[in-house]
Amino acid sequence: MSASAVRLGHVINRALDDALARDSTVVLMGEDIGKAGGSFAVTRGLQEKHGRARVIDMPISENAIAGMAVGLALSGYRPVVEIMFMDFIALAMDAVVNQAAKLHFMFGGQGAVPLVIRTQHGGGLNAGPQHSQCLEAWFAHIPGLKVVCPATLDDAYALLQASIDDPNPVIFIEHKSLYAMKGELSAPPPEARLGVANIVRPGTDVTIVTYGAMVQKALAAADRLAQESIDAEVIDLRTIQPWDEATVLESLSRTHRLVVAHEAVEAFGVGAEIAARMAHVGFDELDGPIVRVGGAFMPVPFGRGLEAAYLPGEAQIVEAARSTYG
1 MSASAVRLGH
11 VINRALDDAL
21 ARDSTVVLMG
31 EDIGKAGGSF
41 AVTRGLQEKH
51 GRARVIDMPI
61 SENAIAGMAV
71 GLALSGYRPV
81 VEIMFMDFIA
91 LAMDAVVNQA
101 AKLHFMFGGQ
111 GAVPLVIRTQ
121 HGGGLNAGPQ
131 HSQCLEAWFA
141 HIPGLKVVCP
151 ATLDDAYALL
161 QASIDDPNPV
171 IFIEHKSLYA
181 MKGELSAPPP
191 EARLGVANIV
201 RPGTDVTIVT
211 YGAMVQKALA
221 AADRLAQESI
231 DAEVIDLRTI
241 QPWDEATVLE
251 SLSRTHRLVV
261 AHEAVEAFGV
271 GAEIAARMAH
281 VGFDELDGPI
291 VRVGGAFMPV
301 PFGRGLEAAY
311 LPGEAQIVEA
321 ARSTYG
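Start counting the sequence shown at 1; every next residue gets the next number (full-length UniProt numbering).
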């Protein structure tokens, strides 16, 4: 690893630092995001550099933070809020779902709510059932919200910049286990558009659609499938809402088999939406059943062994790909 290698948290810190420097309307808000830098130290150093008026420590009051951010967004600012642990975004649902998501439509398109909510989801850290959930499907279901979930260092930078530039609310989700990921950020830093997926591994036999931390597990599964002469194509959605239907359909048209994998519970999840849509628009391309991989329909266990058994991974994706052959 070179001396210039950075972790995901450092990349997000740089993206926020650059946004604060280039746009005076950008402000950060959240619990302990100043000196402490939040629960994962992602914003550490930004308050010292940009001041308390732009990097604002807030009390533990998620609904107040989100409500204040909606007001700021309507007043010409671009607030970037951190809700530590996605589980607690439930406390801010009125401001996010009933206000931020609706106002552009209720004002006849004449108003905008340029608000980004950064939050962390996912298990693997033995954080228990109230600090480990993947709740992205809640927000993907709401018209007016965009939902973003990066899997790489470059995407964490580029998609966060695109989210901050977006004129309406974005839920930006960071998987906690990816904070330890280390590598090189491209120079100059990359750019990206929301709603565009990335084919991270081309293949010809089965399409695996996924996002976030599951991308690495899907790539590992693809390597195992290759040993069985099954050439899997892996698509990183990057944006869950709007999702890149065209890229998924094009891939399905080549491979004729589809697996959708995510860590969130399988029932009523992102995979259900993609499977239903592909069954409708891609039915003639299918040579086998569409198979979903997701968490069991239960709270995330606290115990290390139970959590490891609960989390879907490489083995489940391999089995799902095999099952598309009937």
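Heads up, the beta-carbon is just placed ideally off N, CA and C, and yes, glycines get one too.
Quick one: using the 10 Å Cβ neighbour count with 16 as the cut-off for buried, is residue i buried or exposed?
i           : result
L306        : exposed
D244        : buried
E31         : buried
residue 356 : Within the shown structure, residues of the chain are numbered from 1 to 326, placing residue 356 beyond reach of any answer.
I325        : According to the sequence shown, residue 325 is Tyr rather than Ile. Label assigned to Y325: exposed.
P114        : buried
R78         : buried
Q161        : buried
Q133        : buried
Does DSSP put residue i in a helix, a strand or coil?
i    : result
L28  : strand
Q99  : helix
T255 : helix
G214 : The sequence as given places Met at residue 214; Gly does not occur at that position. Helix.
G269 : coil
H50  : helix
F40  : coil
T247 : helix
D236 : strand
Report all residues from its chain with a CB closer than 6 Å to the CB of residue i; omit the five preceding and five following residues, and keep chain order.
i    : result
S186 : D154
V291 : V259, A320, S323, T324
Would you list the residues sitting across from residue i in a DSSP beta bridge?
i    : result
V281 : DSSP lists no partner for V281.
G295 : V265
P79  : V27
If we define contact as Cβ-Cβ less than 9 Å, is residue i a contact residue for chain C?
i   : result
I12 : The structure shown has no chain C; it contains just one protein chain.
Which same chain residues end up closer than 8 Å to residue i when comparing Cβ atoms and leaving out the 5 residues on each side of it in sequence?
i    : result
Y310 : G123, G295, A296, M298, V300, P301
R257 : D205, V206, T207, L286, D287, G288, A321, T324, Y325
Note down, in chain order, each residue of its chain lying with its Cβ closer than 7 Å to the Cβ of residue i, except the 5 sequence neighbours on either side.
i   : result
L91 : E62, N63
Worksheet item: Taking one C-beta from the stretch 201–208 and one from the stretch 173–190 each time, how about it: are there three or more such pairs within less than 8 Å?
Response: no
Worksheet entry | Touch test, the stretch 148–159 against the stretch 94–105, Cβ-Cβ under 8 Å, three pairs minimum | No, the stretch 148–159 is not in contact with the stretch 94–105.
Worksheet entry | the stretch 68–86 touching the stretch 255–275, judged by at least three CB pairs closer than 8 Å | With contact defined as three or more Cβ pairs closer than 8 Å, the stretch 68–86 and the stretch 255–275 are not in contact.
Discussion item. Is it the case that the stretch 61–79 contacts the stretch 33–42, given that we only count it when at least three CB pairs across the two stretches are under 8 Å?
Written reply: no
Worksheet item: Are at least three pairs of beta-carbons, each pair with one atom in the stretch 219–229 and one in the stretch 160–168, less than 8 Å apart?
Response: Taking 8 Å as the limit for Cβ pairs, the verdict is that the stretch 160–168 does not touch the stretch 219–229.
Discussion item. Under 8 Å: do the stretch 189–197 and the stretch 238–255 share three or more Cβ pairs, one atom per stretch?
Written reply: yes
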